[in-house]
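Number of protein chains: 2
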Amino acid sequence: MSRAVILLSGGIDSYTTAGIAASIGHEIFALTIDYSQRHRREIESAKKIAASLGVKKHLILNIDLRQIGGSALTSDMDMPEGMFKGAIPSTYVPARNTIFLSTALGWAEVIGAGDIYIGATAIDYSGYPDCRPEYLKAFEDMANLATRLSIEGTLRFRINAPLINMSKAQIIKKGTIELGLDYGLSWSCYDPTVDGLPCGKCDSCIYRAKGFKEAGVIDKG
Amino acid sequence: MSRAVILLSGGIDSYTTAGIAASIGHEIFALTIDYSQRHRREIESAKKIAASLGVKKHLILNIDLRQIGGSALTSDMDMPEGMFKGAIPSTYVPARNTIFLSTALGWAEVIGAGDIYIGATAIDYSGYPDCRPEYLKAFEDMANLATRLSIEGTLRFRINAPLINMSKAQIIKKGTIELGLDYGLSWSCYDPTVDGLPCGKCDSCIYRAKGFKEAGVIDKG
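Below you can see the structure in the form of structure tokens.
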């Protein structure tokens, strides 16, 4: 079994990505970043998902991006409502995927994992620059110049984003029908209510609801 | 004054880099990562250096790379002694500069700083892959695909490594003679003694001693 590091946030996309990686026989090392996000609730979901997938190891690493701010997820900015309409919304976290993938790269090198998986998707998404294929390719190129094992020729790193061309509905169908995932374990909402419930208004809630509706699947989350 | 984020470890190279950035008129935002390094002592030096340079802000961010390990600086591996002899030594920390530059990139985007400075040098160094010009160029290319401000065309990020082609002696001369830096504030040793003194044996101590000797400057550190 070849090892793979999976960035696991606790949402639908990273859960499905981890499920895909497991289904093709990788030994899963799940990495969750506690970045002091407004919806830290998702970390509890990541733990349940990691356990349900029987991962080899689940590492939860603190990187307090609230010290940097600049996003509705890591500061007191108002949370935008509704879907992406052309401008990148304030839920964009500066360099988040770069910081996360860099950390994944470090761990991958230590454990000898050539494959890094991220649940990035360029369809039904919020316009984040660090979810686009050209960005992921540039990260991969950089990663292979950055590391001892790659420049020694021992390991080549691949950044895998198997959902990149899938809609939320396609992702949910694949997870439910092909992979047998339980999305009741996952968490999407960016702005949980004081009672700990999804707000139903943020873009992540909206995309989730739209995805389940289009997939014809009941959301048990 | 244009803003710049400087990765400031507390060593000679990052101090000199910050001094250069300040000397050309940048407003300095210093970023120090507490990565649970064996030589966390260097963070105290970074604080003194930041104060002496009158930086606009000094951010110290925790990223516990000891949870990942894989290096003599972040685990209980034996510390190698002496200088680089062809093989990358165990003081290499997997993806360290990538993790640090990514964090710097996030902060730079938030504060609108196009310039990021790192004290990487490809001469008198330890063979680290993430100190080479081709790596830094690849990071810069990736960074400009990763961020909202870059893809919107508002800001182009530059990764500056002004010491890249300088020997340690050249760096020390420049800092002492041209920039008036006080290297007594800096810290280099990877493996401080229990009394908090430099070990004199690790590669970082060796390069420091060699650099001061060749520069003909007394080390007050």
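Going down the list, the sequences are from chains A and B.
When the letters of the first sequence are read in order and numbered with my numbering, they come out as residues 414 to 634.
When the letters of the second sequence are read in order and numbered with my numbering, they come out as residues 414 to 634.
We treat Cβ as the ideally placed atom computed from N, Cα and C, and that holds for glycine.
Output the distance between the C-alpha atoms of residue i and residue j, rounded to the nearest integer angstrom.
i: B/Leu594; j: B/Thr429; result: 8 Å
i: B/Gly566; j: A/Asp426; result: 29 Å
i: A/Ile456; j: A/Ile446; result: 8 Å
i: B/Leu478; j: B/Ala508; result: 10 Å
i: A/Gly495; j: A/Ser458; result: 23 Å
i: B/Cys618; j: B/Gly532; result: 17 Å
i: B/Gly609; j: B/Arg454; result: 8 Å
i: B/Thr589; j: B/Phe625; result: 10 Å
i: B/Asp632; j: B/Ala622; result: 8 Å
i: B/Gln480; j: A/Leu472; result: 8 Å
i: B/Met555; j: B/Arg571; result: 11 Å
i: B/Gly540; j: A/Met490; result: 44 Å
i: A/Leu474; j: B/Val630; result: 42 Å
i: B/Ser601; j: A/Ala434; result: 42 Å
i: B/Gly424; j: B/Met414; result: 25 Å
i: B/Leu568; j: B/Phe513; result: 20 Å
i: B/Ile577; j: B/Tyr603; result: 21 Å
i: A/Thr606; j: B/Lys587; result: 56 Å
i: B/Gly634; j: A/Tyr620; result: 57 Å
i: A/Gly613; j: A/Ser599; result: 15 Å
i: A/Pro493; j: A/Ile501; result: 11 Å
i: A/Ala535; j: A/Ile584; result: 12 Å
i: B/Leu466; j: B/Leu444; result: 13 Å
i: A/Asp616; j: A/Leu420; result: 21 Å
i: A/Ala551; j: B/Pro611; result: 40 Å
i: A/Ala526; j: A/Ser436; result: 17 Å
i: A/Asp449; j: B/Tyr538; result: It is worth fixing the name first, because residue 449 of chain A is Ser in this sequence and not Asp. C-alpha separation (whole angstroms): 36 Å.
Looking at chain B, is there any beta carbon in it that lies within less than 8 Å of the beta carbon of residue i?
i: A/Ser523; result: It should be noted that the sequence gives Val, not Ser, for residue 523 of chain A. Yes - at least one Cβ of chain B is within 8 Å of the one on A/Val523.
i: A/Asn475; result: yes
i: A/Glu547; result: yes
i: A/Ile529; result: no
i: A/Ala628; result: no
i: A/Thr516; result: yes
i: A/Ala559; result: yes
i: A/Thr511; result: yes
i: A/Leu478; result: yes
i: A/Pro493; result: no
i: A/Tyr505; result: yes
i: A/Leu610; result: no
i: A/Asp632; result: no
i: A/Ile456; result: no
Can you find a CB in chain A that lies within less than 8 Å of the CB of residue i?
i: B/Pro575; result: no
i: B/Met490; result: no
i: B/Gln450; result: no
i: B/Thr534; result: no
i: B/Gly482; result: yes
i: B/Ala551; result: yes
i: B/Trp600; result: no
i: B/Ala459; result: no
i: B/Gly519; result: yes
i: B/Ala508; result: yes
Assuming residue i contacts residue j (C-beta within less than 8 Å), just tell me the rounded distance between them.
i: B/Ala582; j: B/Ala628; result: 4 Å
i: B/Ala417; j: B/His439; result: 4 Å
i: B/Ala559; j: B/Leu518; result: 7 Å
i: A/Ile395; j: A/Lys469; result: This structure leaves residue 395 of chain A out entirely; chain A is present only between 414 and 634.
i: A/Ser515; j: B/Ser488; result: About 19 Å; that fails the 8 Å criterion.
i: B/Ile529; j: A/Ile476; result: With 8 Å as the limit, B/Ile529 and A/Ile476 do not qualify as a contact, their Cβ atoms being about 18 Å apart.
If the cut is a Cβ gap below 7 Å, which residues of chain C does residue i touch?
i: B/Ile564; result: Checking the listed chains, one finds no chain C in this structure; the protein chains it contains are A and B.
Three or more beta-carbon pairs under 8 Å between the stretch 541-556 of chain B and the stretch 584-598 of chain A, yes or no? When C-beta atoms of the stretch 541-556 of chain B are compared with those of the stretch 584-598 of chain A, fewer than three pairs fall below 8 Å, so the two segments do not count as touching.
Can you list the beta strand (DSSP E) stretches of 3 or more residues lying completely in the stretch 467-540 of chain A, in chain order? DSSP assignment within the stretch 467-540 of chain A yields the following whole beta strand (DSSP E) runs of 3 residues or more, N-terminal first: 470-475 and 528-530.
Cβ pair count under 8 Å reaching 3, the stretch 554-566 of chain B against the stretch 508-522 of chain B: Touching, yes, given that three or more Cβ pairs across the two stretches are closer than 8 Å.
Three or more C-beta pairs under 8 Å: does that hold for the stretch 478-489 of chain B against the stretch 502-517 of chain B? Counting Cβ pairs under 8 Å, three or more are found: they touch.
Which complete beta strand (DSSP E) runs does the stretch 536-575 of chain A hold, if anything under 3 residues is left out? Taking 3 residues as the minimum length, the beta strand (DSSP E) runs contained wholly in the stretch 536-575 of chain A are 571-573, in order along the chain.
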